[in-house]
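Heads up, the thing below is written out as structure tokens.
Residue numbers (the UniProt record's numbering): 1 to 182.
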């Protein structure tokens, strides 16, 4: 997101969190859903509900819960509205940066183990804003190629034949026509 202030409030103070954790519920109103839909380039977000249990963990927090949303976006085939039900598990760990941690310098090499579990997010300060986590979870759940089940390029009458296309296809046809004349 390219804005300085979050679209909605989901701030947790680590120093005020009970040892057993606490439940956070986020339900967005219409203007906030409209702003989020614009930010994510969706036609609409009809509902957005999240329930998280936030518990202390090694000086940070663990946020575990579920995000349920109803979104609408245009079909990639006909541009008609397509609805999608999003029901995603949210599980993220936020830990303070280790003592003496230095951020990598630009151009330095990093080793990333793709088989390892997710790395924890680093926090600095006594607060964690979970709004970015919820927006990221929704953004990753969006179908990148939405369409209705009955839609296909065949239903539009688009010819998907094996005929080559592009700039060299015309040259190939021209070559075949001159070869058949000789």
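From the three backbone atoms N, C-alpha and C, an ideal C-beta is built for every residue, glycine too.
Pairwise C-alpha distance: residue j and residue i
i	j	result
residue 179	residue 77	40 Å
residue 104	residue 15	29 Å
residue 196	residue 106	Because the chain spans 1 through 182 in this model, residue 196 falls outside it and cannot be assessed.
residue 40	residue 33	10 Å
residue 129	residue 12	6 Å
residue 37	residue 109	37 Å
residue 175	residue 89	58 Å
residue 18	residue 131	20 Å
residue 150	residue 31	33 Å
residue 137	residue 146	18 Å
residue 124	residue 166	54 Å
Presumed contact (8 Å Cβ cut-off) between residue i and residue j, rounded CB distance
i	j	result
residue 58	residue 7	That pair is no contact at about 29 Å.
residue 65	residue 53	6 Å
residue 60	residue 26	Between residue 26 and residue 60 the Cβ distance is about 20 Å, and since that is not below 8 Å, they are no contact.
residue 148	residue 75	6 Å
Sequence-distant residues of the same chain with beta carbon closer than 8 Å to residue i, five excluded per side
i	result
residue 20	55
residue 79	none
Beta-carbon contacts of residue i that lie in its chain and below 6 Å, excluding the five residues immediately before and after
i	result
residue 23	53
Other residues of its chain near residue i: CB distance less than 7 Å, five sequence neighbours each side excluded
i	result
residue 51	23, 25, 65 and 66
Requested in this report: Taking only runs that begin and end inside the region 6-44, name each unbroken alpha helix (DSSP H) of 4 or more residues, in chain order.
Outcome: 30-39
Query raised in the report: Are at least three pairs of beta-carbons, each pair with one atom in the region 30-47 and one in the region 62-72, less than 8 Å apart?
Result: yes
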